[in-house]
Amino acid sequence: MKLSKKAQRLLDYLAEYEEKNNGEMPTLGEIVKNCNTTVKTLLSKTWPELENFAKFCAGDKNEM
10 MKLSKKAQRL LDYLAEYEEK NNGEMPTLGE IVKNCNTTVK TLLSKTWPEL
60 ENFAKFCAGD KNEM
């Protein structure tokens with residue numbers, strides 16, 4: 010399964026942020042600003058794509 014560019018950018022940002030901030034997660038505003046997206050796109054497309062990717066990686070293909 011391949012991620013879209015926006016989803017890959019979000020995944021990279023979340024991983025980097027978590028590493029730099031001792032496991033803390035960024036706020037919605039920080040994500041929108043630093044990933045050059047809108048709240049609507051993030052919540053309706055990009056975030057669900059990452060959730061499906063996580064399920065796929067976990068081997069839970071029936072939930073997709």
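Here the sequence shown stands for residues 10 to 73, where the numbers follow this note's numbering.
A virtual CB, placed ideally from N, CA and C, is assigned to each residue, including glycine.
Other residues of its chain near residue i: CB distance less than 7 Å, five sequence neighbours each side excluded
i, result
"leucine 20", "Leu12 and Leu59"
Close-in-space but distant-in-sequence residues of the same chain around residue i (CB under 8 Å, 5 per side omitted)
i, result
"tyrosine 22", "Pro35, Ile40, Asn43 and Cys44"
"leucine 37", "Val48 and Leu51"
CB of residue i within 9 Å of CB of residue j, strictly
i, j, result
"glutamate 27", "glutamate 33", "yes"
Residue i versus residue j - alpha carbon distance
i, j, result
"cysteine 66", "proline 57", "14 Å"
"asparagine 61", "lysine 29", "25 Å"
"threonine 47", "glycine 68", "30 Å"
"methionine 10", "asparagine 31", "29 Å"
With 16 other Cβ atoms within 10 Å as the buried cut-off, status of residue i
i, result
"alanine 16", "buried"
Cut-off 6 Å between Cβ atoms - residues of its own chain near residue i, not counting five sequence neighbours on either side
i, result
"threonine 55", "Lys15, Ala16 and Leu19"
"serine 53", "none"
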